[in-house]
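Residue numbers (my numbering): 6 to 294. Everything below concerns the one structure shown next.
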């Protein structure tokens, strides 16, 4: 089991080294897509059972699990309880737990969000940094790692994030520089910061520049698989001349792994096969030599 970290980046690096690939499976339970084999009638029970099954299927393959909180929260307090139960199971099974909640607030509100994430068992949380560092620091005080939104995978993100600034660069470049500065005070022994960034796999053309702006950051990279991101899109975001556990990337896949074509085999076996294929692809593009 992964213990409470003094530096979240060190915990993640150790987990990646043990698993053999810097990947993360996203748990985005959608009721209509959950296998019919799961018999519970109540929505919150179905998504909790599905979450448990996914965790069992990808154990030992994916070092981290990213929980999309909205998929659980839509079912009210029972959905939140299902999320917390699934996060506890994930942590007990040895996964690094990422709460994908994209919190964005300041002062006392951010402090409450940070305490809630910590109490739920998260190692990392995604945050919106556009309110400034005061919306990020409360999470760091709770010893949580953060992934700050910098260049996201949704197609319309360019309308804001790729907007050119008079001083040069883009809005995303400005945010990347802010993330890098904030992260200098929280480097782990692995050489990476627990202040990371979200950079979509679909933004590979900007990957090299963003990596130069954030040399010590772990980049949480969504958009692989169902959103169109490919393994080769990751190459520009990898830290040069580093082993895969220090590559500074954590590539996430959700739908392509948790809702694969079954081909007549049990759903957990299909998920495990999809996870193995995903991890193998990413290991190939993040291995030195």
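Where a beta carbon is used, it is the ideal one built from N, C-alpha and C, also for glycine. Computed from a predicted model, the values in this text were never measured in an experiment.
Quick check: the Cα distance between residue i and residue j, rounded to an integer number of angstroms?
i	j	result
residue 91	residue 42	19 Å
residue 235	residue 136	32 Å
residue 6	residue 253	For residue 6, the predicted structure reports a pLDDT of 39, less than 50, and the residue's modelled location is therefore unreliable. A value from the coordinates is still provided. Computed Cα separation, rounded: 23 Å.
residue 295	residue 272	An answer regarding residue 295 cannot be provided, because it is not within the stretch 6 to 294 covered by the chain.
residue 157	residue 60	26 Å
residue 33	residue 63	14 Å
residue 266	residue 57	19 Å
residue 132	residue 106	7 Å
residue 189	residue 239	24 Å
residue 9	residue 171	In this predicted model, residue 9 has a pLDDT of only 47, less than 50, meaning its place in the structure is not dependable; the value taken from the coordinates is given anyway. Answer to the nearest angstrom: the Cα atoms are 43 Å apart.
residue 173	residue 104	33 Å
residue 76	residue 233	21 Å
residue 94	residue 282	24 Å
residue 22	residue 102	16 Å
residue 280	residue 120	32 Å
residue 274	residue 126	27 Å
residue 268	residue 278	11 Å
residue 246	residue 11	26 Å
residue 89	residue 262	22 Å
residue 24	residue 187	29 Å
residue 72	residue 164	27 Å
residue 270	residue 113	49 Å
residue 179	residue 258	27 Å
residue 111	residue 117	10 Å
Answer yes or no: do residue i and residue j have a C-beta to C-beta separation smaller than 8 Å?
i	j	result
residue 193	residue 251	no
residue 150	residue 14	yes
residue 264	residue 38	yes
residue 249	residue 285	no
residue 140	residue 115	yes
residue 134	residue 183	yes
What distance in whole Å lies between the Cβ atoms of residue j and residue i, which are believed to be in contact at a cut-off of 8 Å?
i	j	result
residue 203	residue 153	7 Å
residue 128	residue 200	With 8 Å as the limit, residue 128 and residue 200 do not qualify as a contact, their Cβ atoms being about 14 Å apart.
residue 244	residue 220	7 Å
residue 185	residue 222	7 Å
residue 96	residue 130	Not really, about 14 Å apart at Cβ, beyond 8 Å.
residue 212	residue 241	4 Å
residue 312	residue 176	Since the displayed the chain opens at 6 and closes at 294, residue 312 lies outside it and no answer follows.
Exercise. Flag this pair as touching only if the region 76 to 85 and the region 43 to 61 have three or more C-beta atom pairs under 8 Å; answer yes or no.
Key: In the pairwise beta carbon analysis, the region 76 to 85 is classified as touching the region 43 to 61: at least three pairs are separated by under 8 Å.
Quiz item: At a cut of 8 Å, does the region 136 to 151 reach the region 208 to 221 through at least three beta carbon pairs?
Solution: These segments do not touch.
Self-check item: beta strand (DSSP E) segments (min. 3 residues) lying fully within the region 157 to 242
Solution: For the region 157 to 242, whole beta strand (DSSP E) runs of length 3 or above, ordered along the chain, are 200 to 204, 224 to 226.
Quiz item: Which runs of the alpha helix (DSSP H) fall wholly inside the region 36 to 72 and span at least 4 residues, in chain order?
Solution: Within the region 36 to 72, the runs of alpha helix (DSSP H) at least 4 residues long that lie entirely inside it are, in chain order, 48 to 63.
Quiz item: So, do the region 61 to 69 and the region 20 to 33 have three or more beta carbon pairs nearer to each other than 8 Å?
Solution: As far as the Cβ criterion goes, the region 61 to 69 touches the region 20 to 33, which means the pair count is three or higher.
Quiz item: Where are the alpha helix (DSSP H) runs, 4 residues long or more, that stay fully inside the region 258 to 286, in chain order?
Solution: Counting whole runs of 4 or more residues, the region 258 to 286 contains the alpha helix (DSSP H) stretches 260 to 263.
Quiz item: Where are the beta strand (DSSP E) runs, 3 residues long or more, that stay fully inside the region 87 to 136, in chain order?
Solution: Qualifying beta strand (DSSP E) stretches, in chain order: 101 to 108, 129 to 132.
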